[in-house]
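If you count the sequence shown from 1, position 4 lands on 4 in our numbering, and the numbers rise without skipping. Glycine is no exception: its CB is placed at the ideal position from the N, C-alpha and C atoms. If you're wondering where the values come from, they're calculated on a predicted model, not measured in any experiment. Quick notes on the structure that follows.
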Amino acid sequence: MTLRSQINTDKLPSHVAIIMDGNGRWARQRGLDRVFGHQQGVKALREVIETAAELGIGYLTLYAFSTENWGRPGDEVSALMGIMVQSLNNETETLLKNNIRLRAIGDIDRLADEVKERLNETINLTSVGTGLTLVVALSYSSRWEITEAARRLSAEVKKGTINPDSVSEDDFEKYLTTNGIPDPELMIRTSGELRISNFLLWQLAYAELYFTDVLWPDFGEKDFYDAIIAFQKRERRFGKTSEQILEK
Ligand code: IPE
Ligand code: IPE
Ligand code: MG
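Now the structure itself:
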């Protein structure tokens with residue numbers, strides 16, 4: 001039985017989020033500069049996007065660059081930004097052909113003009129896509145996002161347009177950069193690290209977490225299937241008892 005045939009396409013996670021980690025170690029293991037790992041990581045990214053689109057997954061969020069990653073050596077940050085622009089240039093056609101819509105979350109204003117322009121261009125061009133929504137987290141951190149949301153919400157309160165007593169979770173969510181995107185049901189992290197690293201802290205509240213030792217540049221179709229199969233074996237209880245879940 002192939003891995004693909006073990007997947008129940010009626011029970012796919014509506015949203016998969018991935019922390020693509022391990023590019024640097026992948027390169028170092030080969031005696032190469034970390035940047036080679038990032039370049040190789042783009043190939044994995046392409047394969048995973050195609051696999052998600054083919055399966056019929058609605059949303060795929062990829063953590064590409066965190067707020068904390070700004071603190072890396074300048075040449076690595078520049079190389080990553082260069083890879084970003086290059087990927088946007090090369091992949092826009094493929095996104096369009098596969099009916100994929102691109103969206104970005106994060107502090108996009110912090111990006112260099114060239115990256116920002118290319119990103120906005122691809123977002124606009126692919127906005128007609130009705131298949132997979134590909135969300136790229138760039139200059140993103142969850143605490144930045146939540147603080148930003150709190151700041152914007154308090155400004156509304158100050159203006160008198162919102163009554164603080166009536167603010168619900170749903171209202172708060174509207175101020176997050178992920179507004180309109182369902183919460184991830186499955187979060188995958190590669191490279192063996194067992195942490196969240198400031199990624200979607202609010203949105204991952206009830207996600208199933210899947211960790212694999214595979215380094216991101218080696219992650220492919222088969223590994224993605226493995227994660228989905230593991231997800232489909234979990235019992236998601238949302239605070240209820242197992243009996244209550246089985247009754248349904
Ligand atoms: C993930 O790989 C890519 C980014 C964070 C941009 P790393 O660059 O973190 O790779 P490791 O963790 O050092 O191996
Ligand atoms: C998380 O990876 C961010 C991205 C994958 C973009 P890091 O490699 O930056 O995470 P930490 O700092 O090791 O937790
Ligand atoms: Mg890392």
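Nearest-angstrom Cα separation, counted from residue j out to residue i
i: E91; j: V157; result: 42 Å
i: D107; j: P73; result: 19 Å
i: K233; j: N198; result: 27 Å
i: S191; j: L153; result: 37 Å
i: M84; j: L209; result: 27 Å
i: K222; j: L3; result: 7 Å
i: S139; j: W70; result: 8 Å
Helix, strand or coil at residue i [DSSP, three-state]
i: A137; result: strand
i: E185; result: coil
i: Y59; result: strand
i: S197; result: coil
i: R103; result: strand
i: Y206; result: coil
i: I7; result: coil
i: S191; result: coil
i: V214; result: coil
Check: residue i C-beta below 7 Å from any heavy atom of ligand 2
i: Y63; result: yes
i: E76; result: no
i: E145; result: no
i: E173; result: no
i: S87; result: no
heavy atom of ligand 3 below 7 Å from residue i C-beta
i: G24; result: yes
i: D21; result: yes
Outcome for residue i when other beta-carbon atoms lying within 10 angstroms are tallied against a minimum of 16
i: L119; result: buried
i: D171; result: exposed
i: Y206; result: exposed
i: R28; result: exposed
i: V136; result: buried
Any non-hydrogen atom of ligand 1 within 7 Å of residue i CB
i: W216; result: yes
i: N198; result: no
i: R34; result: yes
is_contact[residue i, chain D] using C-beta, thresh 8 Å
i: K97; result: Included in the structure is just one protein chain, with no chain D present.
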